[in-house]
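Chemist:
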Amino acid sequence: MARIAKPGRSRRNGLAGKGKKKSSAKKKAYDTKYHSTPARKKYRAALNRANRKAGTYGNGDKKDMSHTKSGKLVKESQSKNRARNKRGRSKK
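Sequential numbering from 3 applies to the sequence shown in the working numbering.
As structure tokens, then:
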């Protein structure tokens, strides 16, 4: 027989998601300020320029510009680049 949750009660952790609103707002404010600095704008412009020069914008080749260990930018498949740099991935 299937177990039915009581009305108004969650079967999951009751504390999940509590206190998220303030921290999310703070992070958004920080990120907005950080990404509007001249250094970040210059960095984004350089990446966009490299991407445009390599011809990877909107041509359907499934390629991204990827950073190498030496700091150069090279063409690489989106899936490999994004999987390797995924947030929360353990660094072994």
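Ideal Cβ positions, reconstructed from N, Cα and C, are used throughout, including at glycine.
1) Taking 7 angstroms as the limit between beta carbons, can you name the residues of its chain near GLY62, skipping five residues before and five after?
2) Would you kindly work out how many angstroms separate the C-alpha atoms of ASN53 and SER25, rounded to a whole number?
3) With DSSP run on the structure shown, which of helix, strand or coil describes LYS74?
4) Using three-state DSSP, classify ASP33 as helix, strand or coil.
5) Given that a residue counts as buried once 16 or more other Cβ atoms are within 10 Å of its Cβ, and exposed if not, what is ASP33?
6) What separation, rounded to the nearest whole angstrom, lies between the Cα atoms of LYS43 and LYS29?
7) Please list the terminal residues of the continuous alpha helix (DSSP H) segment that includes SER81.
8) In its own chain, which residues sit with a C-beta less than 6 angstroms from the C-beta of SER68, not counting the 5 before and 5 after it?
9) What would DSSP say about SER25, mapped onto helix, strand or coil?
Modeler: This is what the structure holds:
1) Cβ neighbours of GLY62 beyond the five flanking positions: none.
2) ASN53 and SER25: Cα-Cα distance of roughly 34 angstroms.
3) Coil, per DSSP.
4) Helix.
5) Under this definition ASP33 is an exposed residue.
6) Each residue's alpha carbon lies about 19 angstroms from the other.
7) Following the DSSP letters along the chain, one finds SER81 inside the alpha helix (DSSP H) bounded by residues 80-86.
8) Answer for SER68: VAL76, GLU78, ASN83, listed in chain order.
9) Secondary structure at SER25: helix, using DSSP grouped into helix, strand and coil.
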